[in-house]
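Engineer: Take this structure, written in structure tokens, and hold onto it; I'll ask about it next.
Residue numbers (our numbering): 1 to 331.
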């Protein structure tokens, strides 16, 4: 019998063959370029927010804990503000003696050692920690953040496969399970590159994108980070976990259609019949609309709720989710 990982891989395309994957930039002197608090004497235009494992959450980026002095857009030292020039000159010996600068003296002494992929940072991106992707992948659609060598970044370099569709797959229980199998042997960067991706049509991708947008919107609301929740806000937070479960169900159906359909578990076609509105096309109050969608799908008689509840009756799902199972499966 095929192992579970063989069933997951099933000749699917590896992620590295669909999109550009890279490591964050190397400053070569984090103690000079990274700040806990943004120095008031330096212009804001020269700062980016740092993204790392501390503020990467599943689907979203939490508040930054550090700021990075970013100078890669500047060609000449004299174009920098006087305050930044003075600051860098104070550290010139350390900056000029970084290995990358010593190897090639013609390089500017005052900027990063290796501003990896800087020409791709205008693209939408997914971020994860380079130490482990188990904390999940966060979506970034602006140019405010910079990652250093403790991060991995996936660039939106393939218009046939939506970045948000890939985000749904990468944050799913199935691919997090698959990643655990690869990571110890390959390391986080290589293991992410080797994750198997089901390529599918735009209509199917949109079903995933719809729920990704719902989740991102909900996780960006003030109640999601609050410690003191009203009853309604507790219920609102439940929407996030339920929508993530729905994504899990759709992912399982993509990778194991035969097993799910034999067990009469369907998600994609059922959701197609729901005709759920994309977040961007919702009129009126979005929270009200999302609550209405949640209440309908969460009804105990709804086939989505029913299929999710009994999904772990399938041995292959029980194994992936770490539950006791009775079948001849191996990792």
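Cβ atoms here follow ideal geometry from the backbone N, Cα and C, with glycine treated the same way.
(1) Do we get a CB-CB distance below 8 Å when we pair residue 202 with the residues of chain C?
(2) Out of 205, 11, 215, 32, state which residue places its alpha-carbon closest to the alpha-carbon of residue 93.
(3) Using a Cβ-Cβ cut-off of 7 Å (strictly less than) and excluding sequence neighbours within five positions of residue 214, which residues of its own chain qualify?
(4) Mind checking whether residue 147 and residue 58 have CB atoms under 8 Å apart?
(5) Quick one: Cα of residue 36 to Cα of residue 314, how far?
(6) Are the Cβ atoms of residue 311 and residue 304 separated by less than 8 Å?
(7) Have a look at residue 119 and residue 172 and give me their C-alpha separation to the nearest angstrom.
(8) Which value, in whole angstroms, describes the spacing of the CA atoms of residue 45 and residue 39?
(9) Would you mind stating whether residue 81 and residue 42 have Cβ atoms separated by less than 8 Å?
(10) Answer with buried or exposed for residue 122, where buried requires no fewer than 16 other C-beta atoms within 10 angstroms of its C-beta.
(11) Could you tell me whether the segment 240-260 touches the segment 155-171, where touching means 3 or more Cβ pairs closer than 8 Å?
(12) Would you tell me roughly how many angstroms separate the C-alpha atoms of residue 52 and residue 144, rounded to the nearest one?
(13) Rounded to a whole number of angstroms, what is the C-alpha to C-alpha distance between residue 76 and residue 236?
(14) Name the residue from 262, 127, 258, 220 whose alpha carbon lies nearest to the alpha carbon of residue 287.
Structural biologist: So, from the data block:
(1) Among the protein chains of the structure shown there is no chain C, as only one such chain exists.
(2) For the residues 205, 11, 215, 32, the minimum Cα distance to residue 93 belongs to 32.
(3) In its chain, beyond the 5 residues on either side, 243, 279, 290 have a beta carbon closer than 7 Å to the beta carbon of residue 214.
(4) no
(5) 48 Å
(6) no
(7) 30 Å
(8) 12 Å
(9) Contact flag set, yes.
(10) It counts as exposed.
(11) yes
(12) 13 Å
(13) 51 Å
(14) 220
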